[in-house]
Amino acid sequence: MDQQKLRALVFEKTGVKIDVDDPVFALVALNEAVLEEAVQRHVALIDAASLELAQQARLAGGLPPVHEGHSQGHPPGYVPTPAAGPVRPIATQSAPVTPRELRLLGAAACIAIATALIVLGGQAAFHQSGLSAEQAQALQKAERIERALQQLDPKLRAQLPADLQK
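The numbers in full-length UniProt numbering rise by one with no breaks, and the one at position 57 of the sequence shown is 57.
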């Protein structure tokens with residue numbers, strides 16, 4: 001740990017000047033010690049998991065057997081760090097959609113359908129045609145004329161549009 005480098009970094013980032021005798025450096029040293037211990041524990045766990053994985057791969061036929069003179073497939077002189085405890089398997093695959101996600105999707109679909117039905121019901125209940133009374137009467141009269149035209153002789157019905165154009 002270079003204290004001068006740390007002092008310069010703190011000054012650059014915060015504008016605060018600290019002395020090399022400042023108690024904050026004791027905290028930095030403590031942090032380094034705790035971090036080192038945690039790293040050693042994790043390295044031990046990784047070593048143990050690697051050895052177990054290599055052994056399982058050999059049993060499955062994915063790796064060649066251990067050569068004579070080598071300790072569990074490692075070069076001579078290799079000493080793995082002992083594991084701190086049992087190694088749990090790491091999940092390598094997960095379901096594409098979890099049950100919780102399916103429930104959430106179902107709830108969202110139900111809410112969307114209910115909202116659409118409410119909107120359509122509101123439109124149907126409050127919809128007004130926007131036509132005046134005269135326009136509505138004109139449409140009714142046009143429908144009656146259309147029905148009457150359909151009852152005419154086909155020859156006369158075909159001649160009617162030509163006569164209306166004149």
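Ideal Cβ positions, reconstructed from N, Cα and C, are used throughout, including at glycine.
Under 8 Å, do residue i and residue j count as touching if we go by C-beta distance?
i, j, result
"residue 3", "residue 20", "yes"
"residue 164", "residue 157", "no"
"residue 59", "residue 28", "no"
Pop quiz: residue i and residue j are said to be a contact at Cβ under 8 Å. What is the actual Cβ separation, rounded to whole angstroms?
i, j, result
"residue 17", "residue 11", "6 Å"
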